[in-house]
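Going by UniProt numbering, the first residue of the sequence shown is number 1, and it counts up by one from there. Beta carbons: idealized from backbone N, C-alpha and C, even for Gly. Since the structure is predicted, the reported quantities are computational estimates derived from the model, not experimental observations.
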Amino acid sequence: LQEVTASSRHYVDRLFDLDPQKVLQGVIDMKNAVIGNNKQKANLIVLGAVPRLLYLLQQESSSTELRTECAVVLGSLAMGTENNVKSLLDCHIIPALLQGLLSPDLKFIEACLRCLRTIFISPVTPEDLLYTDATVISHLMALLSRSRYTQEYICQIFSHCCKGPDHQTILFNHGAVQSIAHLLVSTSYKVRMQALKCFSVLAFENPQVSMTLVNVSVDGEVLPQIFVKMLQRDKPIEMQLTSAKCLTSMCRAGAIRTDDPCIVLKTLPCLVRMCSKERLLEERVEGAETLAYLIETDVELQRIASITDHLIAMLADYFKYPSSVSAITDIKRLDHDLKHAHELRQAAFKLYASLGANDEDIRKKIIETENMMDRIVNGLSESSLKVRLAAVRCLHSLSRSVQQLRTSFQDHAVWKPLMKVLQNAPNEILIVASSTLCNLLLEFSPSKEPILESGAIELLCSLTQSENLALRVNGIWALMNMAFQAEQKIKSDILRGLSTEQLFQLLSDSDVNVLMKTLGLLRNLLSTRPHIDHIMSTHGKQIMQAVTLILEGEHNIEVKEQTLCILANIADGTTAKELIMTNDDILQKIKYYMSHSNAKLQLAAMFCISNLIWNEEEGSQERQDKLRDMGIVDILHKLSQSSDPNLCDKAKTALQQYLA
């Protein structure tokens, strides 16, 4: 290294010459020495060329030509490795270059912008550096009109530094949409392309931007029309893909209808084309991911996509690539693709998940695609987090099918790898995996038994204690499904696993979803007489407390109705009835709800009464007398005159018990 650095030292030494002409020549020689030579770039950085170049760049006394050449060399150094960029950032290159943009000289401004562009597109540069000074963005907007180079570089900087809604809002409020729109018809392809990329990041998941874009027009054409023109087959692939992304974002934001011809006849077919074997790996990945996003929530688009160009079969190729017989002659390309083949797999899983989100026939087609279930099972244990997440998503989508739960899911024992995924996975995987588990635990799913044997109760009970709301909901939901028509031992295990404290914790959860699912669990636990009596004999006191708590709280109608249904189940027990009959507070509450203004609650309260007074059961006479003394019979007479046929029938049936 010493020899090499010694031969590079003279370049740095010349930067300190007293003769400005020699300094300029030194910078020009340095520029020629570093082009395409990473070793030379590293040497010059080690020898301290950067601080000196930045000093010369910022000196008022430096000639514009010298300052411009310094910016060019710095840009060339930034083109090297990520470490080079880090070294430049450490020397505070960004503020120096931004300062340079205030110069009146266009060539110098362009050189500074080119260097800034190179630095900002590096993954090691924090995007926020662009937004630290509020005046920067408005100055960049003003520079957009200077030349096609300022347009190209500034759009490229924006599209790389716009990450998330905060950045989108800043750019939007600075008039980015209006300033960039007319660049879509620039004579320069590079400018058109960078402007298009800007719109694709500005509009992504942003309704405000998307709604604005629909109404912006350039030379009498609205932007969606311009985007559609850029989608045509004769345009470069990168342009087709990026305009498809713009239209997709606008469609998902509700700015363009899902049945609009520009989506159905243009955007969707274009994205399907991107999935074909002929396209490069990254084009296939981006095409599939964008299509997955476009059709994710729309059944009709899912159906159309599933029958376009044999898409379902075409995606199967994503798993075979690159194979040993690949026609890739470019060895560099092959090496790159082997390293990135997992991205194809995750894109295929994502698209399959969207395709199968709603339609039973499409799910069937996906599962019948060669080795599909094996591929998903393999995907669940891949080292790449992205692939695992996408495979779980795909499995979740397919698990919405009753038919598949009974057949393919059973044949491939999908629950085994799924349970494995649920052990210490990151939250984003846990959420989808636990939703899938909810489906596998439905009573008609043959996977229910083996899942129980593999320690699911413990796992799900621990999910109900999660800080993450979605995980709490899924944990309790899965337990609710598990308890449905289950045998007594399972129900007892669930109650033991949850503990009374945790049950109360869930019943006082601030989220109504958690509360409803917990009540659903209780209702499923308290079904069939022997189970009701058994559970109430061990947990009666706590359950009655919980019911009282909810009926007294500020809850919506659905929550109270579900709670009264639980009481009706308890009233159906043989010995459990007594817990209600000896609890005057609860009896008064049932009476109150019989006269409530909401018919659903009245009906639920009547179920409780009917179960308590049913004639054929032991002790019915005493119960009837006690309830008559409370004034229940009077209320029943009143309800038997009700205009609501359900209430009227229920009241008459109850009164018959008194007459029998």
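Which residues share a DSSP beta bridge with residue i?
{"i": "Glu221", "result": "Val218"}
With a threshold of 16 other CB atoms inside 10 Å of the CB of residue i, please say whether the residue is buried or exposed.
{"i": "Val402", "result": "exposed"}
{"i": "Ser61", "result": "exposed"}
{"i": "Leu1", "result": "The predicted position of Leu1 is uncertain, since its pLDDT is 49 and thus under 50; a value taken from the coordinates is nonetheless stated next. So Leu1 ends up on the exposed side."}
{"i": "Ile457", "result": "buried"}
{"i": "Ile476", "result": "buried"}
{"i": "Phe349", "result": "buried"}
{"i": "Lys650", "result": "buried"}
{"i": "Phe108", "result": "buried"}
{"i": "Phe16", "result": "exposed"}
{"i": "Leu385", "result": "exposed"}
{"i": "Ile256", "result": "buried"}
{"i": "Ile35", "result": "exposed"}
{"i": "Phe158", "result": "buried"}
{"i": "Phe444", "result": "exposed"}
{"i": "Asn43", "result": "buried"}
{"i": "Ile307", "result": "exposed"}
{"i": "Ser381", "result": "exposed"}
{"i": "His160", "result": "buried"}
{"i": "Thr297", "result": "exposed"}
{"i": "Gln545", "result": "exposed"}
{"i": "Gly220", "result": "exposed"}
{"i": "Lys163", "result": "exposed"}
{"i": "residue 704", "result": "Outside the shown range of the chain (1 to 660) lies residue 704, about which nothing can therefore be said."}
{"i": "Pro417", "result": "buried"}
Taking the alpha carbon of residue i as the reference point, which residue from the options has its own alpha carbon closest?
{"i": "Thr538", "options": "Ser384, Leu525, Ile362", "result": "Leu525"}
{"i": "Thr575", "options": "Ile532, Thr563, Val559", "result": "Ile532"}
{"i": "Ile180", "options": "Ser200, Asp166, Gly164", "result": "Ser200"}
{"i": "His534", "options": "Val547, Asn569, Met314", "result": "Asn569"}
{"i": "Tyr658", "options": "Asp644, Leu647, Leu612", "result": "Leu612"}
{"i": "Arg284", "options": "Leu389, Asp337, Leu89", "result": "Asp337"}
{"i": "Cys461", "options": "Glu501, Lys489, Asp260", "result": "Glu501"}
{"i": "Ser408", "options": "Asn371, Glu428, Asn513, Ile429", "result": "Asn371"}
{"i": "Leu351", "options": "Asp374, Leu311, Lys364", "result": "Leu311"}
{"i": "Leu47", "options": "Trp614, Leu53, Arg9, Thr68", "result": "Arg9"}
{"i": "Gln40", "options": "Thr563, Ala6, Lys22, Arg14", "result": "Ala6"}
{"i": "Met141", "options": "Ala195, Ser620, Gln542", "result": "Ala195"}
{"i": "Asp584", "options": "His412, Pro20, Met630, Glu205", "result": "Met630"}
{"i": "Leu603", "options": "Thr563, Glu617, Asn615", "result": "Thr563"}
{"i": "Arg388", "options": "Gln410, Lys365, Ile263, Ala347", "result": "Ala347"}
{"i": "Leu54", "options": "Ala78, Cys91, Leu44, Met79", "result": "Cys91"}
{"i": "Asn38", "options": "Arg67, Ser63, Met79, Glu152", "result": "Met79"}
{"i": "His174", "options": "Leu202, Met193, Arg148", "result": "Leu202"}
{"i": "Gln656", "options": "Leu551, Cys162, Val559, Ile609", "result": "Ile609"}
{"i": "Phe172", "options": "Thr187, Glu152, Ser138, Ser147", "result": "Ser138"}
{"i": "Leu551", "options": "Tyr593, Leu442, Gly573", "result": "Tyr593"}
{"i": "residue 672", "options": "Asn215, Ala134, Glu152", "result": "Past the boundaries of the shown model lies residue 672; the chain is included only from 1 to 660, so the question cannot be answered."}
{"i": "Leu519", "options": "His637, Arg406, Pro261, Val559", "result": "Val559"}
{"i": "Gln208", "options": "Val177, Ser217, His182", "result": "Val177"}
Less than 8 Å between the CB atoms is what I'm expecting for residue i and residue j, so what's the real figure, rounded?
{"i": "Ser565", "j": "Arg523", "result": "Note on identity: in this sequence residue 565 is Cys, with Ser being the wrong assignment. Right, their Cβ atoms sit about 6 Å apart."}
{"i": "Lys517", "j": "Met482", "result": "In fact, because the Cβ distance is near 12 Å, the residues do not count as touching under 8 Å."}
{"i": "Met581", "j": "Arg623", "result": "6 Å"}
{"i": "Leu265", "j": "Ile226", "result": "So it is not a contact: roughly 17 Å between Cβ atoms."}
{"i": "Leu241", "j": "Leu281", "result": "With 8 Å as the limit, Leu241 and Leu281 do not qualify as a contact, their Cβ atoms being about 13 Å apart."}
{"i": "Ile451", "j": "Met419", "result": "7 Å"}
{"i": "Gly100", "j": "Leu56", "result": "The pair is not a contact, with the Cβ atoms about 12 Å apart (cut-off 8 Å)."}
{"i": "Asn513", "j": "Val473", "result": "5 Å"}
{"i": "Leu291", "j": "Ala305", "result": "7 Å"}
{"i": "Cys112", "j": "Cys155", "result": "Not a contact, Cβ separation roughly 16 Å."}
{"i": "Met274", "j": "Gly254", "result": "Contact doesn't hold; Cβ gap of about 24 Å is too wide."}
{"i": "Thr548", "j": "Leu498", "result": "Actually they do not touch by this definition, with Cβ atoms about 19 Å apart."}
{"i": "Gln302", "j": "Leu355", "result": "6 Å"}
{"i": "Glu561", "j": "Lys600", "result": "5 Å"}
{"i": "Met373", "j": "His412", "result": "4 Å"}
| said: So, does the segment 233-241 touch the segment 249-261, judging by three or more C-beta pairs under 8 Å? | reply: Counting Cβ pairs under 8 Å, fewer than three are found: no touch.
| said: Could you check whether the segment 388-399 touches the segment 433-446, counting it as contact only if at least three pairs of C-beta atoms, one from each stretch, sit closer than 8 Å? | reply: They touch, by the three-pair rule.
| query | Is the segment 488-496 in contact with the segment 508-518, if contact means three or more CB pairs nearer than 8 Å? | reply | Contact between the segment 488-496 and the segment 508-518 is absent, because fewer than three Cβ pairs lie under 8 Å.
| query | Between the segment 80-89 and the segment 113-125, do at least 3 Cβ pairs fall closer than 8 Å? | reply | Cβ pair count under 8 Å is three or more, so yes.
| said: Taking 8 Å as the cut-off, does the segment 329-343 touch the segment 269-276 (at least 3 CB pairs, one atom from each stretch)? | reply: At 8 Å Cβ cutoff, the stretches do not touch.
| request: Check whether the segment 67-76 touches the segment 18-32, taking contact to mean three or more Cβ pairs, one atom from each stretch, closer than 8 Å. | output: In the pairwise beta carbon analysis, the segment 67-76 is classified as touching the segment 18-32: at least three pairs are separated by under 8 Å.
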